[in-house]
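Residue numbering for the sequence shown is 1100 to 1261, as defined by our numbering.
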Amino acid sequence: MIAWEERPVEVANLLNPAFCSLLVRDAVDAYTKKSGAGMDFPLAFLVLPIILHKATRNALPGTTISKFHVWFQNHQELRIGFSARAQSMVPFTKEAIIFAMQRGALAIDEHGLLIAPKYRFRKINESAEMTICHERASFLGKWFSAAGSASHILTAWGISLR
1100 MIAWEERPVE
1110 VANLLNPAFC
1120 SLLVRDAVDA
1130 YTKKSGAGMD
1140 FPLAFLVLPI
1150 ILHKATRNAL
1160 PGTTISKFHV
1170 WFQNHQELRI
1180 GFSARAQSMV
1190 PFTKEAIIFA
1200 MQRGALAIDE
1210 HGLLIAPKYR
1220 FRKINESAEM
1230 TICHERASFL
1240 GKWFSAAGSA
1250 SHILTAWGIS
1260 LR
């Protein structure tokens, strides 16, 4: 991980741990509310490469009525380069999860699943793009909760755990 002071301004702004941690938290919170259980830890590593990549984010369906496997069959092009992008985002996702856990915005339950405890957020001025990212991260959490096992979701995106 590059030291904060040495990161290019664009990277520091887009991959700010506070912003990234909120996106992961949005997904975990929505997943938990929809499923009644915490999110499998590996799924958190899909949030940033999907949500921060505008073309992928924009290709997501508008509602959870769209079944994951059916939608994915019609959007196979999204797998191109996704594995490499997801791999490059691992350090930022780890940083975001650690940041959120240190502040009590994320936790791990007794089953080893990610949960989003009640948390009081400071009010910030968000751009329209940031608002869209938050909304899509919440959608992603809901959608993943109905999509099947974490291994099924990861496999669909072309990700294998090592």
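No residue lacks a Cβ here, since even glycine has one placed at the ideal position from N, Cα and C.
Give the straight-line distance between the Cα atoms of residue i and residue j, rounded to the nearest whole angstrom.
| i | j | result |
| --- | --- | --- |
| THR1155 | TRP1170 | 13 Å |
| GLU1194 | PRO1116 | 6 Å |
| ALA1204 | SER1120 | 8 Å |
| ASN1163 | PHE1191 | Asn is not the amino acid found at residue 1163; the sequence shown has Thr there. Roughly 27 Å separates the two Cα atoms. |
| THR1230 | GLY1161 | 15 Å |
| PHE1238 | VAL1146 | 11 Å |
| HIS1168 | GLU1225 | 33 Å |
| LYS1166 | GLU1104 | 43 Å |
| PHE1144 | MET1188 | 8 Å |
| GLY1180 | SER1250 | 19 Å |
| ASN1157 | GLU1176 | 13 Å |
If you check the beta carbons only, do residue i and residue j fall under 8 Å apart?
| i | j | result |
| --- | --- | --- |
| SER1248 | LYS1133 | no |
| TRP1078 | ARG1184 | Any answer about residue 1078 is impossible in this case: the structure gives the chain only from 1100 up to 1261. |
| ALA1199 | VAL1123 | yes |
| LEU1260 | PRO1148 | no |
| ALA1246 | ALA1126 | no |
| ALA1129 | LYS1217 | no |
| THR1262 | ALA1215 | Absent from the model: residue 1262. The displayed extent of the chain is 1100 to 1261, so no value can be given. |
| GLY1137 | LEU1212 | yes |
| LEU1113 | LEU1151 | yes |
Please state whether DSSP places residue i in a helix, a strand or coil.
| i | result |
| --- | --- |
| ALA1129 | helix |
| ALA1245 | coil |
| ILE1179 | coil |
| LEU1213 | strand |
| ALA1136 | coil |
| ILE1207 | strand |
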